[in-house]
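Engineer: Got a structure for you, questions after.
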Amino acid sequence: VMIKNKKAFSYFVGLGAALALLSFGILGIEGTQDFIRILTISGEGTWYGMKEASMINLIGLMSRTFSFLDPSLIQTIGWVLYFISIVVLFFFWTFTAKETSSLLGLSVIFSLFFAPHLHYHDLSLLFFPLMLILVSRKLSLRQEKVSFVLLAISFLLIFTKSIPFLYFSFPYSLLLGMTILLIGKQRITQDQNPP
1 VMIKNKKAFS
11 YFVGLGAALA
21 LLSFGILGIE
31 GTQDFIRILT
41 ISGEGTWYGM
51 KEASMINLIG
61 LMSRTFSFLD
71 PSLIQTIGWV
81 LYFISIVVLF
91 FFWTFTAKET
101 SSLLGLSVIF
111 SLFFAPHLHY
121 HDLSLLFFPL
131 MLILVSRKLS
141 LRQEKVSFVL
151 LAISFLLIFT
161 KSIPFLYFSF
171 PYSLLLGMTI
181 LLIGKQRITQ
191 DQNPP
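Using full-length UniProt numbering, you'd call the opening residue of the sequence shown number 1 and step up by one each time.
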């Protein structure tokens with residue numbers, strides 16, 4: 001596989017390795033083993049306080065929709081699809097056009113939806129792709145309007161959290177709508193810049 005931007009990939013691998021070494025240096029051998037043990041326990045999803053059914057991700061959606069399934073099976077499916085999504089994102093970045101803002105936004109949305117652990121408060125990470133959509137050439141909003149829209153959506157998320165019907169439907173609708181807008185933005189850019 002040819003990587004288009006080898007320098008960026010090298011930085012990613014180098015900085016990732018440096019962070020791993022720094023973490024190992026801070027935690028030590030015993031601390032690292034304890035951390036891996038905690039990750040393993042939380043990865044099973046049945047640990048006290050995990051509340052999978054209230055998560056706003058694929059595992060939460062599957063836990064609510066297929067409640068008759070064993071939680072460990074749902075966890076296994078969720079983790080497998082999480083790793084598949086990482087591979088899919090790798091190919092998106094490797095083989096698509098140079099419109100990086102759409103790819104960044106889609107990467108954040110895919111990462112959030114397929115992440116094994118995502119609760120309502122983690123949805124604040126959606127503001128990055130939302131900001132990319134709002135400042136895109138297609139919408140060309142002024143800075144004040146972008147801030148207003150971000151604030152309005154944050155209030156909507158707070159408001160819908162207290163309404164049972166909207167608790168799940170609004171965030172999933174937001175994820176879907178943002179994905180459609182970012183894919184549309186990617187196609188517009190490809191049409192404007194043919195290879």
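Glycine included, C-beta positions come from ideal geometry on N, C-alpha and C.
Taking the alpha helix (DSSP H) that residue 264 falls in, what are its first and last residues?
Structural biologist: Because the chain is modelled from 1 through 195, residue 264 falls outside the range shown and cannot be assessed.
Engineer: Could you check where the alpha helix (DSSP H) with Leu118 kicks off and where it finishes?
Structural biologist: The count along the sequence shown starts at 1 and reaches residue 118 at position 118. Neither: Leu118 is in no alpha helix (DSSP H) and is coded neither H nor E.
Engineer: What do you get for Leu56, buried or exposed, if any count of 16 or more other CB atoms within 10 angstroms of its CB means buried?
Structural biologist: The sequence position of residue 56 within the sequence shown is 56, counting from 1. The sequence given here places Ile at residue 56; Leu does not occur at that position. Per the 10 Å Cβ criterion, buried.
Engineer: Please identify the residue among His117, Phe128, Thr160 whose C-alpha is closest to the C-alpha of Glu52.
Structural biologist: As a position in the sequence shown, residue 52 is number 52, starting the count at 1. Checking every option, the nearest Cα to that of Glu52 belongs to His117.
Engineer: Measure how close the beta-carbons of Leu89 and Ser107 come, nearest whole angstrom, since I'm counting them as under 8 Å.
Structural biologist: As a first step, residue 89 is located in the sequence shown; it is residue number 89 there, counting from the start. As a first step, residue 107 is located in the sequence shown; it is residue number 107 there, counting from the start. So it is a contact: roughly 5 Å between Cβ atoms.
Engineer: Does the segment 144-164 come within contact of the segment 117-132, defined as at least 3 CB pairs closer than 8 Å?
Structural biologist: yes
Engineer: Would you call the CB atoms of Leu126 and Leu112 closer than 8 Å?
Structural biologist: Locating residue 126 in the sequence shown gives position 126, where the first residue counts as 1. Locating residue 112 in the sequence shown gives position 112, where the first residue counts as 1. A contact, by the Cβ cut-off of 8 Å.
Engineer: Are residue 207 and Phe114 closer than 8 Å when you measure CB to CB?
Structural biologist: No information on residue 207 is available, as it lies outside the stretch 1 to 195 that the chain covers here.
Engineer: With DSSP collapsed to three states, give me the class of Arg37.
Structural biologist: Along the sequence shown, one-based indexing puts residue 37 at 37. Looking at Arg37 - three-state DSSP - the assignment turns out to be helix.
Engineer: Closer than 6 Å by C-beta to Ala18: which residues in its own chain qualify, once you throw out the five before and the five after it? Chain order, please.
Structural biologist: Position 18 of the sequence shown, counted from the start, is the residue given in the question as residue 18. Result list for Ala18: empty, nothing under 6 Å.
Engineer: Please classify Ser63 as buried or exposed, where buried requires at least 16 neighbouring CB atoms within 10 angstroms.
Structural biologist: Here residue 63 refers to the residue found at position 63 of the sequence shown. Ser63 counts as buried, since no fewer than 16 other beta carbons sit within 10 angstroms of its beta carbon.
Engineer: Please name the residue, chosen from Gly60, Ser85, Ile86, that lies closest to Ile74 on a Cα-to-Cα basis.
Structural biologist: Numbered from its first residue, the sequence shown carries residue 74 at position 74. Checking every option, the nearest Cα to that of Ile74 belongs to Gly60.
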